[in-house]
Amino acid sequence: MSASETPLSRWVSVARLPPGRGAVTVEATPAECAALAADFKIQAIRDLVGRFAVAGPTSRLVVTGTVEGTVTLVCTVSLEPFETKVSEPVEVAFTDTDRLAGTDAEDADIPDPIVGGRIDFGLLTAEFLALGIDPYPRKPGVVFEEVQLGEDAKPFDVLRTLRLEEP
18 MSASETPLSR WVSVARLPPG RGAVTVEATP AECAALAADF KIQAIRDLVG
68 RFAVAGPTSR LVVTGTVEGT VTLVCTVSLE PFETKVSEPV EVAFTDTDRL
118 AGTDAEDADI PDPIVGGRID FGLLTAEFLA LGIDPYPRKP GVVFEEVQLG
168 EDAKPFDVLR TLRLEEP
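Spelled out as structure tokens, the structure:
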């Protein structure tokens with residue numbers, strides 16, 4: 018995905034990070050939140066912030082932190098919209114793309130690539146927000162009530178009665 022296709026992008030040059038590495042904060046604008054919400058096919062996103070600490074040598078940077086935001090979802094039971102907070106921990110390792118040459122994509126713990134000497138912290142924020150969103154959201158207090166069939170009732174009995182009623 019190119020930078021123009023990414024709703025939230027904050028490229029940071031690895032060379033410009035201080036020797037002890039440091040911290041990076043990403044705050045999404047309302048327009049970026051709206052674009053991400055459309056991309057994720059949810060009602061809305063607001064107050065999206067990614068706070069990251071960067072440590073380690075440039076050959077293997079480790080990024081830790083949290084991504085927090087408020088999302089508006091649609092309840093899968095009542096179909097009513099509701100707001101909920103998302104807070105997702107982040108821990109990702111990055112390395113130069115040259116070091117990834119020849120590695121098997123299915124190897125465990127392969128670090129993400131540093132592309133062109135830069136890391137996109139905006140994309141990282143969006144990815145971890147997506148991981149924190151419940152795929153089957155349920156509004157607090159809403160209970161799914163199962164339809165109880167009689168002991169002898171079978172799921173297709175209704176179809177049998179329809180067939181018997183036809184002239």
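Under my numbering, the first residue of the sequence shown carries the number 18, and numbering increases by one thereafter.
The beta-carbon is built from N, C-alpha and C at its ideal position, and this holds for glycine as well.
Closest by C-alpha distance to residue i, when choosing among the options
{"i": "E185", "options": "L53, P130, A45", "result": "This structure cannot speak to residue 185, because the chain is shown only from 18 to 184."}
{"i": "F69", "options": "G149, F138, R155", "result": "F138"}
{"i": "S95", "options": "V31, R155, R27", "result": "R155"}
{"i": "P98", "options": "E162, V66, P157", "result": "P157"}
{"i": "L151", "options": "P36, V43, R27, K58", "result": "The sequence shown places Asp at residue 151, rather than the Leu named in the question. When each option's Cα is compared against that of D151, the closest is K58."}
{"i": "L141", "options": "V84, A32, A48", "result": "V84"}
{"i": "E105", "options": "G37, L65, Y153", "result": "L65"}
{"i": "G149", "options": "I131, T46, T101", "result": "T101"}
{"i": "T81", "options": "E49, R177, R38", "result": "R38"}
Beta-bridge partners of residue i, as assigned by DSSP
{"i": "D174", "result": "D174 pairs with nothing; no bridge assigned."}
{"i": "R135", "result": "S30, V132"}
{"i": "T93", "result": "Per DSSP, none; premise fails for T93."}
{"i": "T75", "result": "T75 pairs with nothing; no bridge assigned."}
{"i": "F69", "result": "V41, G82"}
{"i": "T87", "result": "R63, K102"}
Pair within 9 Å by beta-carbon distance, residue i and residue j
{"i": "V107", "j": "T87", "result": "no"}
{"i": "A51", "j": "A40", "result": "no"}
{"i": "A143", "j": "D129", "result": "no"}
{"i": "R63", "j": "V43", "result": "no"}
{"i": "P36", "j": "D56", "result": "no"}
Same chain, Cβ closer than 6 Å to residue i, neighbours up to 5 away in sequence not counted
{"i": "G73", "result": "V79"}
{"i": "G67", "result": "V43, V84, T142"}
{"i": "L90", "result": "I59, P154"}
{"i": "F145", "result": "V84, E105, V107"}
Same chain only: Cβ atoms within 7 Å of residue i, ignoring 5 sequence neighbours per side
{"i": "L34", "result": "V71"}
First and last residue of the uninterrupted alpha helix (DSSP H) at residue i
{"i": "P106", "result": "Element bounds for P106: not the alpha helix (DSSP H) but the beta strand (DSSP E), 98-113."}
{"i": "E44", "result": "No alpha helix (DSSP H) holds E44; the beta strand (DSSP E) holding it covers 39-44."}
{"i": "D56", "result": "47-57"}
Cut-off 8 Å between Cβ atoms - residues of its own chain near residue i, not counting five sequence neighbours on either side
{"i": "S30", "result": "G134, R135"}
{"i": "V160", "result": "V94"}
{"i": "L179", "result": "none"}
{"i": "P47", "result": "R63"}
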